[in-house]
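Note sheet for the following structure.
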Amino acid sequence: MRTEPIIGPSGEAVPVTRTWHWGRWLAGLAALAVCGWLVGLVVANPRLDWGAVWDHLFHPLILSGIVVTIEISILATVLGLVLGVFLAVMRLSHNPVLQWLATLYIWFFRGTPVLVQLIFWYNLAFLFPELILKIPFTMIGLKWDTNQVMTGFTSAMLGLGLNLAAYFAETVRAGIQAVDRGQSEAAYALGMTPGKRMRVIVLPQALRIIIPPTGNEFISMLKTTSLVYVVAGHDLMTNASQIYKANNLIMELLIVASLWYMLMTAVATFLQGRLERRFGSDAVRLVRGGGLAARVLPRQPKPEVNR
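Here the sequence shown stands for residues 1 to 307, where the numbers follow full-length UniProt numbering.
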């Protein structure tokens with residue numbers, strides 16, 4: 001950056017003036033005008049009752065739906081992350097059967113819509129009226145009524161979690177492949193089995209790379225839970241729809257649900273920022289240090305150069 005003044009031909013200092021980009025200012029003002037006009041159409045609409053929005057903002061059904069939405073999001077994200085780790089390890093395995101099964105799982109759950117999967121799990125009783133878990137070739141086991149097990153909440157958690165696992169598997173696989181190959185080679189040199197190498201050396205380092213993007217998936221999951229409406233999972237969207245079906249305040253209840261979704265997304269975005277600062281690339285390099293090889297193998301002294 002230049003700090004000294006510019007000297008003209010006659011020796012005087014030439015003042016530096018800022019260039020005004022009028023095109024940028026005009027484009028920005030035009031964009032603000034259009035946005036203000038669109039917002040005004042909604043806010044000042046005489047058919048929209050903002051008093052009803054405030055009255056239903058803290059409605060007991062709305063608050064209970066928020067709790068269920070957060071529960072489904074957390075459980076589905078945990079299920080997807082755990083299963084995604086196993087799928088990623090299977091995908092990177094030297095066993096062709098495991099590779100094929102993991103690839104088939106990822107292809108199936110990424111190739112079918114989430115809405116279809118939710119409806120499938122909710123109506124599982126049409127295929128299996130009873131869920132039976134027993135010891136093979138014996139009569140010892142447990143039996144459950146599928147309609148009682150596959151409630152709206154259970155169907156939502158399974159449908160969203162199993163679908164998310166297919167996407168997490170690719171994220172985890174990328175994180176595992178991002179770990180330096182020297183780590184694996186050093187583990188092999190120490191006589192570690194492939195399973196122990198993955199569990200002790202590779203996965204702990206890969207998770208520090210995987211955890212920050214997990215925030216993006218959780219934020220997406222918060223909004224995807226609105227699809228649970230089709231299986232009556234008592235989430236925020238389901239409860240909001242129950243209220244507006246009774247009082248016909250459709251737009252007002254949709255605004256209430258949107259406000260709460262935006263608030264939950266803002267909180268999740270803040271937590272994601274903290275995760276990124278905690279487990280960012282600098283933190284990964286700090287934790288990793290010189291790598292396993294550098295910590296285990298003795299350092300060779302540098303040869304002295306005679307001058």
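For each residue, glycine too, the CB sits at the ideal point set by N, CA and C.
Note that the structure is predicted; figures quoted are calculated from it, not measured.
In terms of Cβ geometry, G80 and L164 form a close pair [threshold 8 Å]. Bridge pairing for K196: absent [DSSP]. In this model, V85 and F168 are separated by some 7 Å (Cα to Cα). By the beta-carbon neighbour count (other beta carbons within 10 angstroms, threshold 16), N239 is buried.
Inclusion of L275 and I210 in the CB contact set at 8 Å is not warranted, their separation being larger than that value. Rounded to the nearest angstrom, the gap between the Cα atoms of Y244 and M150 is 26 Å. Per DSSP, L131 is one residue of the beta strand (DSSP E) stretching across 130–134. With a cutoff of 8 Å on beta-carbon distance, R173 and R47 are scored as not near each other. Nearest to S73 by alpha-carbon distance, out of I219, G273, L254, is I219. Looking at the DSSP output, L142 shares a beta bridge with L133. At a Cβ-Cβ threshold of 8 Å, H94 and G152 do not count as neighbours.
Residue state for V256 is assigned as helix, using DSSP reduced to three classes.
Sequence-distant partners of L160 (beyond 5 residues in either direction) whose C-beta falls short of 6 Å from its own C-beta, in its chain, are A76. Residue pairing by DSSP places I7 opposite A13 in a beta bridge. Boundaries of the alpha helix (DSSP H) around S155: 152–178. Burial state of I140 is exposed, judged by a 10 Å Cβ sphere holding fewer than 16 other Cβ atoms. Counting only the Cα atoms, L271 lies some 31 Å from V116.
Following the DSSP letters along the chain, one finds R18 in no alpha helix (DSSP H), marked with neither H nor E. One alpha carbon belongs to G215, the other to L190, and they sit about 35 Å apart.
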